[in-house]
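Take a look at the structure set out below.
There are 4 protein chains.
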Amino acid sequence: MHSFMNDYSEGAYPRILELLVKSNFQQNKGYGEDVHSERAREYIRRALKREDVDIHFIPGGTMTNLLVISALLRPHQCVISPDTGHINVHETGAIEATGHKVIATPSVEGKLTPGSIQAALDYHKGEHMVQPKIIYISNSTELGTIYSKAELTAIHDICRQNDLILFLDGARIGSALMAKTNDLSLEDVAGLVDVFYIGGTKNGALLGEALVICRDDLKKDFRYLIKQRGALMAKGFVLGIQFEALFQDGLFFQLADHANKMAEMVAGALKKYGYSFYVEPCTNQLFPILPNNIMDKLSDGFDFYVQESINQDETVIRLVTSWATTQESVDCLTELLSINKLDS
Amino acid sequence: MHSFMNDYSEGAYPRILELLVKSNFQQNKGYGEDVHSERAREYIRRALKREDVDIHFIPGGTMTNLLVISALLRPHQCVISPDTGHINVHETGAIEATGHKVIATPSVEGKLTPGSIQAALDYHKGEHMVQPKIIYISNSTELGTIYSKAELTAIHDICRQNDLILFLDGARIGSALMAKTNDLSLEDVAGLVDVFYIGGTKNGALLGEALVICRDDLKKDFRYLIKQRGALMAKGFVLGIQFEALFQDGLFFQLADHANKMAEMVAGALKKYGYSFYVEPCTNQLFPILPNNIMDKLSDGFDFYVQESINQDETVIRLVTSWATTQESVDCLTELLSINKLDS
Amino acid sequence: MHSFMNDYSEGAYPRILELLVKSNFQQNKGYGEDVHSERAREYIRRALKREDVDIHFIPGGTMTNLLVISALLRPHQCVISPDTGHINVHETGAIEATGHKVIATPSVEGKLTPGSIQAALDYHKGEHMVQPKIIYISNSTELGTIYSKAELTAIHDICRQNDLILFLDGARIGSALMAKTNDLSLEDVAGLVDVFYIGGTKNGALLGEALVICRDDLKKDFRYLIKQRGALMAKGFVLGIQFEALFQDGLFFQLADHANKMAEMVAGALKKYGYSFYVEPCTNQLFPILPNNIMDKLSDGFDFYVQESINQDETVIRLVTSWATTQESVDCLTELLSINKLDS
Amino acid sequence: MHSFMNDYSEGAYPRILELLVKSNFQQNKGYGEDVHSERAREYIRRALKREDVDIHFIPGGTMTNLLVISALLRPHQCVISPDTGHINVHETGAIEATGHKVIATPSVEGKLTPGSIQAALDYHKGEHMVQPKIIYISNSTELGTIYSKAELTAIHDICRQNDLILFLDGARIGSALMAKTNDLSLEDVAGLVDVFYIGGTKNGALLGEALVICRDDLKKDFRYLIKQRGALMAKGFVLGIQFEALFQDGLFFQLADHANKMAEMVAGALKKYGYSFYVEPCTNQLFPILPNNIMDKLSDGFDFYVQESINQDETVIRLVTSWATTQESVDCLTELLSINKLDS
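Chains as they are written, first to last, in this note's numbering: chain A, 1 to 344; chain B, 1001 to 1344; chain C, 2001 to 2344; chain D, 3001 to 3344.
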């Protein structure tokens, strides 16, 4: 059985485990004030070409989302999210549990547009309605799509014009930035958004997200807020060590690149054999549309997520590759596809 | 420099890391539904001699505390805690952030007594006051003391009589249960409390607490609540693997025993050379009272936490041992103490 | 200037004020435990033909909504509301501020349907999503429409089948029950829903909503929850006296009937002179579609709310009548309409 | 039976009811934007000699407390309150329900002191503890005592030095300012605190508190927050009219003066006949210490609150006077006391 179920099935990239083992008996300060976390911050700042950002390591993505959003909103304020956004559909109301409404806004291939943001702003006027304050986007999105520099700049501009905070969920930012069609650098992202995070969990770490706060006025007392939400780990160095390994010499990008390359091969095979996609693939998540009989054959040897039934005969499935996806798994999949070409 | 600062300075006990490395490339189900987590649950149930408990693995202690308390209270209900309780003083209002008051109740050496609980119950009457519903205690406590079986039974009884939920914070339950003066078994604990957790972070794991729900009526929908608080880890197997290693063959207890033995040697030396204690030591946390000049000498070679000034000349410090404390560190400390005997 | 802006422009129906004046110097118990509140409860129970309901008087509608919903949900549960529901759009995130998501569900003329409820239930499965537990509806709705007995029964049935709580916002229940096309009695409502309230503010009282809890298992500790939300008034008798006056001899229904009759006359004139409606009118809220030039003429002599632009030339406005609307105001409006017939 | 139970047993001072009746059929704007509310704001600003304050009318005291505190704190911040403070003991955890810890601080006769505030500030350091941000005090206090100008100034100073917000609960500010020993004016209060409210409910209104925000940086978006907590009344003019009546020509102070004078007579009689007090009386709340047999005799003809048992033989009771207390009631009480002199 080969798993294309998700990008968090295996442990960690070996070099990360090696650094954990190597530094295992060092005595570290608690709560993220250790030398590994400090070094990881330096490496990330170097990658961002920004000395002035605050960086905190948080165990997981949902926790980072709820932490950031509740930290930066007053009680009557809310967050605008794509209707497909993770905070809107797959976090069990984590944001609302901190007191804030998520305004689900129509999206195009998982992405917010200036038009949809503006419509939400225009609709929410006056004290009988919540006040939009944060724009939440993901890159790559829940559908594996990415924001171009022009698109992100347009959203940045609308945020500036309306005194909004732009928050980017980067649980899969590695894959986004290594996409062939991507024209954004990590530095660009840090310049265009106000807060974002760099996902470790889905890119080779055991766990961990690096939260980057780019705007000075948003930094204050963040460690209090991390602690309050239960996200300040006693052994914070466990997160620090992993990001140290990921950012010392570009491992983070290499792992994402590997995942993308594996996905590209799978996507290429799917196209070659006649299959179409729910959205055009570019990162490590693929959403091919398969006839149900093909899907059934696939499920004999491969794990994947069944996304959505398109009609009586066809289904969208999700195939995800990762740093751990092997050429062998991809070859097996490709072979199965070659035997099951679509008539067309 | 030898650190007696806390029990979370080092990584993990080597056998835990080895199991992480060994199982690194297995493909696991996400969110704690993997085989390692399942196996760890079996091992823990075996140690508890209870098949009917629900077990969830949570990244950290504060998160477990806020999760459990907010899961089990209605909005107008509150939790009674020792005034020294971790939730009352050292979690940045994490419980209140979920909407509930913590009633800080006088404690004796970090422990709640039936009398103090009854007084709190008697005081909170009628709809203009919060309604007590959970009793929160720690074992071992913030002062390193432990509950005897008789003491825990008395609190259990008062909870049954008043329809209260008894929740035990076991961040350091390993050290408590391995204390020489302890007469509680893990099985006893599970029989006397309604919910508790078994702390991994402070007993040899990289991170993780095993939450045990003993009462059927408290189990419902807990995975929803874990997810909502951001505590359902994508790579839940990282926690599962660690508890698998800890509970397969009693490693958990061996590590706690080591910590206690190291503490006992330190305590013995302190007593031998004339020092007294803020509370009589029995677990891995020691609170000796030192003349300030001795404390200063100690701080040249050892890291520790300065707890509280007793008077102009004396200070209570906290020395903590762990699974990772070496005989060498203890010997160095003992030697320094032998040179600095108290005149008496 | 005649106001058709809303049904809360004037003070109270004179008989209510008279009873307030008459009982002004009586010494009452505080917090709603007075004889007036008790008597009002008896009168309402009589009107409901139900002895077993709990009744609490709450100052306002938003407060009642947030109180009820937060009282009855566990943290991971949510409320299903019509997309047009007051809690979804016009309460500044009051429900979310108590920690719960509002699932906005497609509605037909302001009403939920079993189909839309079922679709929401089908979509929300598993612990990564919120768990629906309360169905929130209004009668009359935000669009002035009403539920038939068959419609309410169908929603009741789906709630029973899925262990859901049915909560009816009755801020305008008086007008709903007195509608010509209505086939529901107050008794029917109490039998079909689990919790609802009888709106005083919009039907002749200075302020106040009578919350009725029909299901035994939902009653517990409600006064604690009322107090906690700041809704337990020291002078609770001020609310009690008003509902005493409203329900002693049917005044509540007479006032609603008057409002409806005034609305009916206005609706009749609008139809007679060629105007159509956004939804067919039946209660005290009318939503005619007016050419913009007619709307402008109307605004010279009348206050009303501009609901929504339909196209370049036409706008939906809202006209609301109340217990205080005079025949004279209606006649003036009718006359203006007769001069401005639509060509057709 | 004469009631000295509290100051909210009767309806409203007649002139207030008269203004409600007189303006009953005027058509007002909703939600506090009506002419009466505007006029009441002008009158209050005149009384404060401050044009620059924002004034909002809120239905009740608990609601005002929870609204203000949750509006002005970030999630990790907390409020320091006297241990006897209303928010700490008599609001069913209303503040915690909005997410914030109340730090109960030792008080002297119901009052916070700079020393107790400083101790609380000193104790709460670092991100593992909540961060104090609001100081909450009441004037008069729960024990009927008042702050002198010097005392309030000292607290003001400590707030300025530590960037804290000073919030004064003025549910009984009328009685406080009319106390013989008082040296504070309403203007002084507005100059020394950042936010406070002027209690109507306990000083002759049917309901209502006038919230005064003195500091510009605290005013933003307050109407959103009022709405979100359910405190923005549709018929806001009902509150406005009452404060219009109270502040047009000093009625507010006359009513408080009457209450105090009645209390003074009762206190005088108690002293004359040998009784002592739990705290020296100066406002409309008296806390005499009575032998239990005298207390029993008193309870035959008078309603009052039994505060606390002092010892086997003596009890502290609370006697409260109000705008509605009659000379006749006072005379009856005085007479009963004269018959039951204390032997001494």
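Even glycine gets a Cβ: it sits at the ideal position worked out from N, Cα and C.
Residue from the options whose Cα sits closest to the Cα of residue i
i	options	result
LEU2290(C)	ILE2069(C), ASN2284(C) and TYR2305(C)	TYR2305(C)
SER1322(B)	VAL1108(B), MET1262(B) and ASP1034(B)	MET1262(B)
VAL130(A)	ALA97(A), ILE80(A), PHE167(A) and ASN65(A)	ILE80(A)
TYR275(A)	ASN340(A), LYS111(A), ALA171(A) and ASN162(A)	ASN340(A)
GLY1110(B)	PHE1287(B), ILE1134(B), LEU1337(B) and ASN1024(B)	PHE1287(B)
ALA179(A)	GLU264(A), HIS90(A), ILE310(A) and ARG39(A)	GLU264(A)
ALA2256(C)	GLY2170(C), GLY2230(C) and LYS2235(C)	GLY2170(C)
GLY3099(D)	CYS3078(D), GLY3085(D), VAL3320(D) and LYS3219(D)	CYS3078(D)
ILE2016(C)	GLY2204(C), LYS2219(C) and ALA2269(C)	GLY2204(C)
ALA1094(B)	ARG223(A), ASP216(A) and LEU218(A)	ARG223(A)
MET2001(C)	CYS2332(C), SER2338(C) and LEU2342(C)	CYS2332(C)
PRO3082(D)	LEU3072(D), ILE3137(D), LEU3143(D) and LYS3125(D)	ILE3137(D)
LEU1143(B)	GLU1280(B), ASP1313(B), ALA1269(B) and ALA1324(B)	GLU1280(B)
GLU33(A)	LYS1029(B), LYS1022(B) and TYR1008(B)	TYR1008(B)
ARG215(A)	ASP194(A), ASN311(A) and GLN254(A)	ASP194(A)
Minimum Cβ-Cβ distance from residue i to chain A less than 7 Å
i	result
GLY1093(B)	yes
LEU1211(B)	no
ALA2097(C)	yes
TYR1244(B)	The sequence as given places Glu at residue 1244(B); Tyr does not occur at that position. Taking Cβ atoms only, chain A never reaches closer than 7 Å to GLU1244(B), which makes this a no.
HIS2090(C)	yes
Beta carbon proximity, residue i to chain C, threshold 7 Å
i	result
HIS1100(B)	no
GLN3027(D)	yes
HIS76(A)	yes
ASP3139(D)	Here residue 3139(D) turns out to be Asn, not Asp, going by the sequence shown. No, no contact with chain C.
MET3178(D)	no
THR3283(D)	no
Residues bridged to residue i [DSSP beta-bridge criterion]
i	result
GLN1285(B)	VAL1320(B)
GLN307(A)	Paired residues: none, contrary to the question.
CYS1078(B)	PRO1132(B)
PRO1291(B)	GLU1314(B)
ALA269(A)	Beta-bridge pairing links ALA269(A) to no other residue.
PHE3302(D)	HIS3002(D)
ILE1165(B)	ILE1134(B)
Within-7 Å CB hit, residue i to chain B
i	result
HIS2128(C)	yes
HIS3086(D)	no
LEU2223(C)	Residue identity check: residue 2223(C) is Arg in the sequence provided, not Leu. So, interface residue.
Any C-beta of chain D under 7 Å from that of residue i
i	result
MET1957(C)	Given that chain C is displayed from residue 2001 to residue 2344, the structure contains no residue 1957(C) and the question cannot be resolved.
HIS56(A)	no
PRO2291(C)	no
SER2081(C)	no
Rounded distance between the beta-carbons of residue j and residue i, thought under 8 Å
i	j	result
THR1064(B)	TYR1197(B)	5 Å
ILE87(A)	VAL68(A)	Not a contact, Cβ separation roughly 10 Å.
ILE55(A)	ARG46(A)	With a Cβ gap of about 11 Å, ILE55(A) and ARG46(A) do not count as contacting.
GLU209(A)	GLY60(A)	7 Å
LEU3048(D)	GLU3187(D)	6 Å
LEU3164(D)	ILE3135(D)	5 Å
SER2175(C)	ALA2259(C)	6 Å
Exercise for the section: Enumerate, from N- to C-terminal direction, the unbroken beta strand (DSSP E) stretches of 3 or more residues contained entirely within the region 3039 to 3067 of chain D. Expected result: 3054 to 3058
Handout entry: In chain order, each alpha helix (DSSP H) run of at least 4 residues that lies wholly inside the region 3178 to 3258 of chain D
Key = 3186 to 3192, 3222 to 3228 and 3237 to 3248
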